[in-house]
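A.B. asks: Here you go, one structure.
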Amino acid sequence: MGLRSCGTFSLWLALLLHAKFGARAGVGPAADRRFHRPEPRFGVSLQVSDVNSEQKWREKAGLGNEPPKTEPKDAFSDTRHVRKRSAQGVSGSRAESRRAGDEAKGSYPRQSDPHLDTSTFALSGDSAHNQAMVHWSGHNSSVILILTKLYDFNLGAVTESSLWRSSDYGSTYTKLNDKVGSRTVLSYLYVCPTNKRKIMMLSDPEVESAVLISSDEGASFDKHLISFNVLSLLFHPAQENWILAYSHDSKLYSSMDFGKKWQLVHENVMPGRFYWAVMGLDREPDAVHIETRVAKGRAQYVKCRAQRCTEANRQYLFPGYVDTNSLVVQDEYVFTQVTKSGRASYFVSYMREPFKRMQLPKYCLPKDMHIISTDEKQVFAAVQEWNQNRTYSLYISDSPGVYFTLSLENLRTSRGPTGNLLVDFYKVEGINGMYLANKLVDGRVKTFITYNKGQTWALLPAPATDVAGNDIRCVTPFCSLHLHLEMSENPYTSGPITSKKSVPGIIVATGNIGTELSSANLGMFITSDAGNSWRQIFDEEHNIWFLDNGGALLAVLHAPTPIRHLWISLDEGKKWDRHTFSLAPLYVDGVLMESESDNHIITFFGHFSHRSEWQLMKIDYKGLFSQRCMDGDYQTWSLHNKGELCVMGEKQIFMKRRPGNRCMLSQDYSRIYSSEPCQCTAYDFECDYGWERRRDGKCSPAFWSDPNDVGKSCSAGHSFLNSTGYRKVLSNNCKEIGRSAYSPRRQGCRPRPPRGLRLTTGGGELSARVGSNVTFVVHLQDGDSPRTSVQLDFGDGIRITYSNLSRADDGIQHVYRATGIYRVMAAAENILGSDSTVLYLHITSPVERVYLSAPLVAVRGKETNLTAVVWPSQVRTLTFFWWITNSSEPIVTLDGSISYTFQKEGTNKVTVQVASGSTVMQDSRDITVKEFFRSLPLSFSPTLDEHNPDIPEWREDIGRVVQTALSQVSGVPARQLMVSLYPGLPTTAELFILPDVLAPKEHIRQTQEELQTISDVFVSLLNQDLVHFELKVDTRVTVYITQQTLAPLVDSSTLHSGSAMLVLISVVFVGLVAFFIYKFKRKIPWIHVETEDSREKESEVISTVSQNDNMSKVNLADFPSGKNFTEKELEARKGGTMARNMDRIVTREYPNCTNV
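Going left to right, the sequence shown walks through residues 96 to 1251 as my numbering numbers them.
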């Protein structure tokens, strides 16, 4: 009794769309709107097609009512396969489900008897055919086309076909096999989206490759042979005769005369990664955007004209290669993806401008990204962060699609039959800024709703009573209503949730009441006030459609058994009328309708048994209405969010038909009665990039963000808009009164010296071929760019100078004529200062990853160990190039470690480059060299480990935050403190206390004593838990001093004297130290220790073992405290903290706890 997609003859699709807001692998669009030929499966099927269902599908998928801008609406994108359901094993029919209201008919007064007019047509002679495709032109056209096929699963081919045509809305059909050729076997049917009178059909390629073309809705056909097999088609969004065809051998063809002649556009095209020009954005209307494969995992973004795509006419708009299956052209945006060193970067072009890197919060570190929607010139993206496995987070961008902020964490996701990502996220039609999402909370999936485009989310309130009128005891947050948000794979079943732009505020969905979303005890729920209150209308699953421009609801039971009845409501689901549409129970395989037309026709597709003919049942429901609606038939209602009338910055009053009136709605009546802007509040704004919303609703800077950062283009004498942490939600209509606290504030640009100068190549590589153009890009983090000159020395005797750094924004090109290693130097200078940077360019191949392990602080005149760790392992010999300070020649080694002695105090830059064949990668560290220093080991509260992605940038930022916290709590100037975090978990660090650079040199001894005093102060502060910092909203991290004792050597009970224990511990510690030094006379692993007697001896290098070795690991707690070492016994840590193991990176560094 109803629609069902299960069992042997279950429903299957020619095109699987991607869920509510679906997405492809890599970066994907909101919905795949192109034609895909399915691989045949077993069983009997009905393939249904309606050229207007693309519009309905867009409505269901939350994509609005406008036609697609980047991909045209095409007939076969509406096509779905539905298998016949077997009647075997079904005995009788079960009772109809319970519903809200009366059991039989509604009780409201009737002006005339409502009725349905039905007629049935059987496709005689095609009972053996197991597949069918149905097309209804819609828009008041009376023509319906049906293609039935016999697919032989043993042969894997179509062996028979029949074409049927109706010109009276499906009352009667005529067989057209003679018009297309009695021996012609047809496989697919397509309809031009911009002129639905034009039909294209494909013959089965096993017989012949041909297209049959009709310009009169199938009344006549012309056959044209083609030289390739069509896999998918893409019609132009404006030109009815322009078509792109994708073949089985990855070639793309174009036709400008509706398939009569075809021309090759490009080879090696990725499937589904080709797009027509977007009207109004692309200069040429016949432009085509293509992703072409050039190597495994590598592709190029090519743009050319459909009939002139020669190499000379191709444009390569993205610099360098992109990942395969990543190009998406959608509305105003072009997206692509590039993966380097195992980390993906995402790029966007807005309004066809140059590509920019998409900026997610710094430590989001995405593993995967899917574009959900690009509506209203804003990007919704589902991002899987580095610490997520089964869930994704929802991010929302600014208008250009560059800067993203977090909206909702841990969205529920799943994978479709083809591996496509399904995100539980639903846009409610007709209400601006209203969305539903399923979120994983403490292991349970719950449904949340937002009225302000993701700024705040709340649980759904449960109905007060069930369908029988019994009270429901359900109190949030412990209990709430949960809805299934996935979309039906067949557009001819309604799916579990539906809403419509023409009836704002009404949502019908399948769900359950309780603590979490479940697949058991499902019922149907409806809201008439945009989610503020809900009612249960059925206690079983139903398919529900909107009729009469949304003024009526049609319900059909979702069950595997045949049915004879349907339910219709004219009062928003309060009361339902039962109608009989068939004398014999019918297995319903699909429902086809055009709800926005004036014909009021529904077509049911099904069969009485699995051996019967296809039954096409036409239902005219115009008899339900008595007249067209007049002004007095409408009433108004106010949109609100739990009583708050200001929603998305305005008060809106909508019109709807009075419940119970049996009048027909007109298509053009205005749904919005009035709209009045409200004064802006904090929730009319989203937090700007680099800011996070706290529980009190205010936005505050993230720990990694500098809110006072000034753009490099800000020149003295000018001004810029500095963010206050807020940016207005797009499409929010609130009105700012006076000087708003949320709007950016204009500030004057102050003169600044150049700072943070960086030099890179255009593609980011450190190698290039001889004779090729190398593009150098100079980046300036801060400084007066228009007043700063830059000089670039290419390292081959040629240098160039720009008087204005802004003139070098597009990059500087240079050609090298000989192989070698080039020291390329960039220097920026203005009246306030200068900065310089160096890049070492190789003509070799890249290594995937290299990490330079070096101490943060070293002692002048003593050897310091430097270690380079390379990943992945290399089978060939590696060459290491060590560039130290301003050396003109590197130290070249075949080993990954060297010892180096710094002779001058100050900051020394060490760069290591690793070459293997043509692969080159590098890493750099700044080492501070001092005569002496003090250090303390640090540890943190376990909360920090949960947010530790274990990457260098994160450790640097946390070190800066800890340095600031220590300086603030102690009063010690930050210039005397340095904090270095070590890789691995648990998170550990080392605090270095440096001499004050302002202290006179003759007071060295006094300064040493001061350092010890400062060290003691920090020990006291850390032991009292007085040092902490805010990692993010409501997440506080406490800094501790690491305890290094092996274990209590005496009983710590209160019966012993404290002083006696202290003396005993001191004696034992000193004895242990003396024993270690005298007995073993070697360095302690992980800590560089020397006695005065061993200064003349060469430093011994201790290599760590592989993670696969079975050697026991040494912990810091195995050694006595540094306080018990004398200055004579323990001088400096020089040893590297990472392994010289070339097979893998050691994932744990032990901190150096040496005081010098």
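Every residue gets a Cβ at the ideal spot worked out from N, C-alpha and C, and that includes glycine.
Let me check understanding here. Comparing Cα to Cα, which of Cys773, Glu787, Asn644, Ile602 lies closest to Gln631?
C.D. replies: Position 536 of the sequence shown, counted from the start, is the residue given in the question as residue 631. Per the Cα distances, Ile602.
A.B. asks: Please report the straight-line C-alpha distance between Leu973 and Thr1082, rounded to a whole angstrom.
C.D. replies: As a first step, residue 973 is located in the sequence shown; it is residue number 878 there, counting from the start. As a first step, residue 1082 is located in the sequence shown; it is residue number 987 there, counting from the start. Cα-Cα distance, rounded: 31 Å.
A.B. asks: Is the beta carbon of Ser862 closer than 9 Å to that of Leu936?
C.D. replies: Taking the sequence shown and counting its residues from 1, the one referred to as residue 936 is at position 841. Taking the sequence shown and counting its residues from 1, the one referred to as residue 862 is at position 767. It is a contact, given that the beta carbons lie within the stated cut-off.
A.B. asks: Find out if the Cβ-Cβ distance for the pair Trp259, Leu242 is shorter than 9 Å.
C.D. replies: As a working mapping, residue 259 is identified with position 164 in the sequence shown. As a working mapping, residue 242 is identified with position 147 in the sequence shown. It is a contact, given that the beta carbons lie within the stated cut-off.
A.B. asks: Would you grab the beta carbon distance between Val1024 and Arg955 for me? Rounded to a whole angstrom, and I think it's under 8 Å.
C.D. replies: Locating residue 1024 in the sequence shown gives position 929, counting from the first residue. Locating residue 955 in the sequence shown gives position 860, counting from the first residue. So it is a contact: roughly 5 Å between Cβ atoms.
A.B. asks: Residue range of the alpha helix (DSSP H) that Asp299 falls in?
C.D. replies: Residue numbering aside, residue 299 sits at position 204 when the sequence shown is read from its first letter. Taken as a continuous stretch (DSSP letters only), Asp299 belongs to no alpha helix (DSSP H), as it is neither H nor E.
A.B. asks: Hey, how far is the Cα of Thr1059 from the Cα of Ala963?
C.D. replies: For the purposes of this step, residue 1059 is taken as residue 964 along the sequence shown, with counting starting at 1. For the purposes of this step, residue 963 is taken as residue 868 along the sequence shown, with counting starting at 1. If I take the Cα positions, the gap works out to 30 Å.
A.B. asks: Taking Cβ positions only, does Tyr521 come closer than 9 Å to chain D?
C.D. replies: This model lacks chain D altogether; it includes just one protein chain.
A.B. asks: Would you call Pro1078 buried or exposed, if buried means 16 or more other Cβ atoms sit within 10 Å of its Cβ?
C.D. replies: Position 983 of the sequence shown, counted from the first residue, corresponds to residue 1078. Pro1078 comes out buried.
A.B. asks: With distances taken from CA atoms, which of Tyr264, Trp552, Tyr246, Ser262 is nearest Ser256?
C.D. replies: Within the sequence shown, the letter at position 161 stands for residue 256. Comparing Cα-Cα distances from Ser256 to each of Tyr264, Trp552, Tyr246, Ser262, the minimum goes to Tyr246.
A.B. asks: Going straight from the alpha carbon of Thr571 to that of Leu554, what length do you get?
C.D. replies: For this step, residue 571 is matched to residue 476 along the sequence shown. For this step, residue 554 is matched to residue 459 along the sequence shown. Cα-Cα distance, rounded: 7 Å.
A.B. asks: At which residues does the beta strand (DSSP E) containing Lys274 begin and terminate?
C.D. replies: Within the sequence shown, residue 274 is the residue found at index 179, counting from 1. Note, Lys274: premise wrong, no beta strand (DSSP E); alpha helix (DSSP H) at 272-275.
A.B. asks: Buried or exposed for Leu250, please, with buried defined as at least 16 other CB atoms from any protein chain shown within 10 angstroms of its CB.
C.D. replies: Within the sequence shown, the letter at position 155 stands for residue 250. Exposed, because fewer than 16 other Cβ atoms sit within 10 Å of the Cβ of Leu250.
A.B. asks: Please list, in chain order, all residues of the same chain as Glu1222 whose beta carbon is under 7 Å from its beta carbon, the five residues on each side excluded.
C.D. replies: As a working note, residue 1222 is residue 1127 in the sequence shown. Confidence is the limiting factor: at Glu1222 the pLDDT is only 35, short of 50, which leaves the residue's position unreliable, though a coordinate-based value still follows. Counting only Cβ-Cβ distances below 7 Å, and skipping sequence neighbours, we find nothing.
A.B. asks: So the candidates are Arg850, Leu760, Asp208, Ser502; which of them puts its Cα closest to the Cα of Leu927?
C.D. replies: Within the sequence shown, the letter at position 832 stands for residue 927. The residue with the shortest Cα to Cα distance from Leu927 is Arg850.
A.B. asks: Does the segment 397-404 touch the segment 342-362, meaning 3 or more C-beta pairs lie closer than 8 Å?
C.D. replies: Segments in contact, yes.
A.B. asks: Using the Cα positions of Ser575 and Ser769, report the straight-line distance between them to the nearest angstrom.
C.D. replies: Walking along the sequence shown from the start, residue 575 turns up at place 480. Walking along the sequence shown from the start, residue 769 turns up at place 674. Taking the straight line from one Cα to the other gives about 32 Å.
A.B. asks: If you check the beta carbons only, do Val474 and Ser502 fall under 9 Å apart?
C.D. replies: The residue given as residue 474 occupies position 379 in the sequence shown. The residue given as residue 502 occupies position 407 in the sequence shown. Against a cut-off of 9 Å, the Cβ pair of Ser502 and Val474 comes out as no contact.
A.B. asks: Looking only at its own chain, which residues have a Cβ that is under 6 Å from the Cβ of Gly187, when we skip the five neighbours before and after it?
C.D. replies: One-based indexing of the sequence shown puts residue 187 at position 92. Interpretation of Gly187 is limited by its pLDDT of 35, a score under 50 that renders its predicted location unreliable; no figure is taken from the coordinates.
A.B. asks: Taking Glu1001 as part of the beta strand (DSSP E), name the residues at either end of that continuous run.
C.D. replies: Along the sequence shown, one-based indexing puts residue 1001 at 906. Per the sequence presented here, residue 1001 reads as Gly, with Glu not at that position. Element bounds for Gly1001: 1001-1011.
A.B. asks: Considering Cα atoms alone, identify which of Pro288, Asn272, Cys287 is closest to Leu281.
C.D. replies: Here the question's residue 281 lines up with position 186 in the sequence shown. Out of Pro288, Asn272, Cys287, Asn272 has the C-alpha closest to the C-alpha of Leu281.
A.B. asks: Since Ser628 and Thr622 are thought to touch, with beta carbons under 8 Å apart, how far apart are those beta carbons, to the nearest angstrom?
C.D. replies: Taking the sequence shown and counting its residues from 1, the one referred to as residue 628 is at position 533. Taking the sequence shown and counting its residues from 1, the one referred to as residue 622 is at position 527. Contact flag correct, Cβ pair sits at about 6 Å.
A.B. asks: How do the segment 637-648 and the segment 729-749 stand: do at least 3 beta-carbon pairs fall below 8 Å, yes or no?
C.D. replies: No, they do not touch.
A.B. asks: Which of the three DSSP states is assigned to Ser583 in this structure?
C.D. replies: Locating residue 583 in the sequence shown gives position 488, where the first residue counts as 1. In the structure shown, Ser583 sits in coil (DSSP, three-state: anything other than H, G, I, E or B).
A.B. asks: Sort out for me which residues DSSP pairs Cys782 with in a bridge.
C.D. replies: Here residue 782 corresponds to residue number 687 of the sequence shown, with the count starting at 1. Paired residue(s): Tyr821.
A.B. asks: Rounding to the nearest angstrom, what Cα-Cα distance links Gly514 and Asp666 in this structure?
C.D. replies: For the purposes of this step, residue 514 is identified with residue 419 of the sequence shown, where counting begins at 1. For the purposes of this step, residue 666 is identified with residue 571 of the sequence shown, where counting begins at 1. Cα to Cα, the separation comes out at about 41 Å.
A.B. asks: By the DSSP assignment, the alpha helix (DSSP H) with Thr1038 in it spans what residues?
C.D. replies: By 1-based counting over the sequence shown, the position of residue 1038 is 943. It spans 1038-1041 - the alpha helix (DSSP H) in which Thr1038 sits, taken as one unbroken run.
A.B. asks: Please list the terminal residues of the continuous alpha helix (DSSP H) segment that includes Gly1052.
C.D. replies: Taking the sequence shown and counting its residues from 1, the one referred to as residue 1052 is at position 957. One point to set straight first is that residue 1052 is Asp, not Gly, in the sequence displayed. Looking at the DSSP string, the run of the alpha helix (DSSP H) that includes Asp1052 is 1047-1065.
A.B. asks: DSSP beta-bridge partners for Asp418?
C.D. replies: Residue mapping note: residue 418 aligns to position 323 of the sequence shown, counting from 1. Asp418 is bridged to Arg393.
A.B. asks: From this set, Asn981, Val965, Glu1000, His813, which residue's C-alpha is nearest Leu989's C-alpha?
C.D. replies: Residue numbering aside, residue 989 sits at position 894 when the sequence shown is read from its first letter. Closest by alpha carbon: Val965.
A.B. asks: Within its chain, find whatever has a CB closer than 7 Å to the CB of Cys782; leave out the 5 residues flanking it on each side and keep chain order.
C.D. replies: Position 687 of the sequence shown, counted from the first residue, corresponds to residue 782. Excluding positions up to five away in sequence, the list reads Thr500, Arg788, Cys794, Gly820, Tyr821.
A.B. asks: Assuming contact is defined by CB atoms lying nearer than 9 Å, are Ala477 and Thr434 in contact in what I supplied?
C.D. replies: Taking the first residue of the sequence shown as 1, we reach residue 477 at position 382. Taking the first residue of the sequence shown as 1, we reach residue 434 at position 339. Not in contact: Ala477 and Thr434 (Cβ atoms no closer than 9 Å).
A.B. asks: Leaving out five residues before and five after Asp888 in sequence, what residues of the same chain have Cβ atoms less than 7 Å from its Cβ?
C.D. replies: For the purposes of this step, residue 888 is taken as the residue at position 793 of the sequence shown. Only Arg894, Val919, Met920 meet the Cβ criterion.
A.B. asks: What's the gap between the Cα of Gln358 and the Cα of Leu329?
C.D. replies: As a working mapping, residue 358 is identified with position 263 in the sequence shown. As a working mapping, residue 329 is identified with position 234 in the sequence shown. So the alpha carbons of these two residues sit roughly 15 Å apart.
A.B. asks: Which residues does DSSP list as the beta-bridge partners of Ala382?
C.D. replies: For this step, residue 382 is matched to residue 287 along the sequence shown. Ala382 pairs with Arg400.
A.B. asks: With contact counted as at least three CB pairs below 8 Å, one residue from each stretch, are the segment 734-748 and the segment 825-844 in contact?
C.D. replies: Yes, the segment 734-748 touches the segment 825-844.
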